[in-house]
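One structure below.
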Amino acid sequence: MKGDGPGWGNKGHHCGTSSKPAPDPPTTTPQEGLRPQAKENPGIARVPAWEFAAGGILALLPAISAVNEMTRKAFSVVGFLLILLSCFVITANQAFPGSIALFPVVGTVLVIAGGTADSPVNWLLGARPMQWIGDRSYSWYLWHWPAMILIAAATGIDSPWLGLGIGAATLVLAHYTFLKIENPVRHYRPLKVKGPSATYAFTSALLAVAALVAAGVFAVGTEKSMNADIQKWNAVREQGPPAACPTKRTTKTGQAYCVAGPENAAKTVMIVGDSHAAQWVPTLAAIAADDGFRLVIRTLDACPAAEVSVLANGSPNKACAAFHASTRSAIEDIRPTVLLTANSDSYLGQITSAAGKVPTADEQAALWSAGMTSVIQSARQVGAEPASIEDTPRPIGDAAICVTRPGGSEDECTPSVEKAEADVAVLKDTERALKIEHVLSFDDDLCDKSTCKISDGGTPVFSDQSHISQAWAATQKGTIRALVREALSATSS
């Protein structure tokens, strides 16, 4: 599915330069190196209780009705502007709900607080078409989200036009359910209660039933979470991005980089790439300490080692272009013994031409080939031996969420070879055609003729929809060491 992306999503970060994937952009500066972004709490943070509470608190404030007309006009206008602003400040990079939800929530509270003040906002919201949509808005809200999620998951299409089409179709459903279900139930005479006491009693009964249902769901979830396999996957879900910048340094020409292992070592291995390179850094750092070589790290989230122009959120990723230029300078300054590249191979559809347009798949593959060739040439010009860690196959969506959801299991979440390779096959084949001598591929280890594993010897392979878990990366230490030693020995022969 497109958009699984080369970046860490809400876990974005980078090391070695400034600036989602291209989909996810980075969230650190070169001097900061690699650090995890603040993680969304898997439980309470996703429950918008405080948002509902804001409306409840407003309803309980008697002083609101005493506010003068001019102030209420200001409330309406400022609130409406905050709601509009939220359309631009809230992006896919941010955990939601979270503090960023203050924009639409405070905006809505202010519009409500403005009441019926004679303002342009009330003229707009009081128009008949807006009233019609408002009557059906809750039904529309309930319909649109599951429809978008399920259809996108079933089709693998990530397109704003699909979203708009689903939105229009669910408005039709909302209109029907508003007329045939919502209104009839709301006005059903036996459900009507008279007087405050009856209202409170009826509401309390509903809350008690809801609490019992929630307790049952919680008990079932808790029982499942006690399963040893589920605990391992839960631990993976809580895993942040790897700490991939042990020490920060700058070259003589001012290029930022990170380093691990003995800094005065005779040999240097330099790893370059996106978050799919960064995921290997802790393992490589341990090998560097054991084997006595210096590890230099140059990674940028959502920016491949291949010198190609890519999109980030639909726009050219200017930070990536700067990263490529500064990486070339860093290679010249550091003159590594081995240049190790690693990146996501799911950039197809994000690679652009010099004109900034996304060309055909074949043309993108040609650009990728030229971009990788350029990196290899930069390495060879300074006497470095090129090596590469291939991208892994892909799970079905987020493997950790798939396994730990109600009814989930490793067997159910294991992809076929076709699905696992669908997003990475074209660019992976393009890289293989370059015939880099020292290449590590995990395809044979993770896949048989029909399926690709998401758990290897009881260890979860993936932490999300594309990145590997640090637990599994650690199990590959011997394999990675063999690749590095092979490349290093080639420079001595």
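Per this note's numbering, the very first residue in the sequence shown carries number 960; after that it's consecutive.
Built from N, CA and C at the ideal position, the CB exists for glycine as well.
Since this is a predicted model, take the numbers as computed values, not measurements.
- prompt: Can the beta-carbon of Asp1292 be found closer than 8 Å to that of Thr1210?
  reply: yes
task: Can you say whether Met1029 is buried or exposed, counting buried as having 16 or more other CB atoms within 10 angstroms of its CB?
output: exposed
- request: State the Cα-Cα distance for the pair Gly1454 and Ala1202, rounded to the nearest angstrom.
  value: Here the chain has residues from 960 to 1452 only, and residue 1454 is not among them.
query: If Val1385 and Glu1344 are in contact, beta carbons under 8 Å, what's the gap, nearest whole angstrom?
result: The pair is not a contact, with the Cβ atoms about 27 Å apart (cut-off 8 Å).
- request: Mind reading off the beta-carbon distance from Pro1205 to Cys1217? Whole number of angstroms is fine, and I expect it under 8 Å.
  value: 7 Å
field: Distance CB(Asp1304)-CB(Ala1359) smaller than 8 Å
entry: no
field: Ser1098 (DSSP reduced to helix, strand or coil)
entry: helix
query: If you count every other CB in all the chains shown that lies within 10 Å of the CB of His1283, and 16 or more means buried, which is it?
result: buried
field: Beta-carbon spacing of Thr1129, His1103 below 8 Å
entry: yes
query: Exposed or buried, which one is Lys1408 when buried takes at least 16 other CB atoms within 10 Å?
result: exposed
message: Quick check: the Cα distance between Glu1445 and Ser1268, rounded to an integer number of angstroms?
response: 31 Å
- request: Keeping to the same chain, check which residues put their C-beta closer than 7 Å to that of Ala1076; ignore five residues upstream and five downstream.
  value: Glu1028, Arg1031, Lys1032 and Ser1035
query: Using the C-alpha atoms, what's the distance from Val1255 back to Ala1261?
result: 19 Å
query: What's the C-alpha gap between Ile1413 and Glu1380?
result: 13 Å
field: In DSSP terms, what His1397 is bridged to
entry: Ala1346
- prompt: Of the choices Cys1406, Ala1432 and Lys1191, whose alpha-carbon is the least far from that of Pro1374?
  reply: Cys1406
message: Going residue by residue through the stretch 1300-1362, where are the continuous alpha helix (DSSP H) segments of at least 4 residues, counting only ones entirely within it?
response: 1320-1340
Cα-Cα separation, Gly1437 to Gly1122: 46 Å
query: Going by DSSP, what residues sit across from Val1255 in a beta bridge?
result: Val1218 and Met1229
- prompt: Secondary structure at Ala1264, three-state DSSP: helix, strand or coil?
  reply: coil
- request: Decide yes or no for the touch test of the stretch 1323-1332 against the stretch 1389-1399: beta carbon pairs closer than 8 Å, at least 3 of them.
  value: yes
message: I'd like the span of the alpha helix (DSSP H) that includes Arg1391, first residue to last.
response: Ala1384 to Arg1391
message: Which residues does DSSP list as the beta-bridge partners of Ser1208?
response: Inspection of the sequence shows that residue 1208 is occupied by Arg rather than by Ser. DSSP, once it has assigned bridges, lists Tyr1216 as partnering Arg1208.
query: At which residue ranges does the stretch 1126-1176 contain complete alpha helix (DSSP H) runs of 4 or more residues, listed in the order of the chain?
result: 1142-1145
- prompt: How is Ile1413 classed by DSSP in three states: helix, strand or coil?
  reply: coil
message: Do Thr1242 and Ile1439 count as a contact pair if the criterion is CB distance below 8 Å?
response: yes
query: Under 8 Å between the Cβ atoms of Thr1300 and Gly1342?
result: no
message: Quick check: the Cα distance between Val1195 and Leu1399, rounded to an integer number of angstroms?
response: 24 Å
task: From the DSSP output, in three-state form, read off Pro1063 for me.
output: helix
- prompt: Is Ala1264 closer than 8 Å to Val1168 when the C-beta atoms are compared?
  reply: no
- request: Mind checking which residues open and close the alpha helix (DSSP H) that includes Arg911?
  value: Any question about residue 911 goes unanswered here, given that the chain covers just 960 to 1452.
field: Pair within 8 Å by beta-carbon distance, Arg1095 and Ala1133
entry: yes
Distance, Val1420 Cα to Ala1112 Cα: 22 Å
message: Buried or exposed for Ser1274, going by 16 or more other Cβ atoms inside 10 Å?
response: exposed
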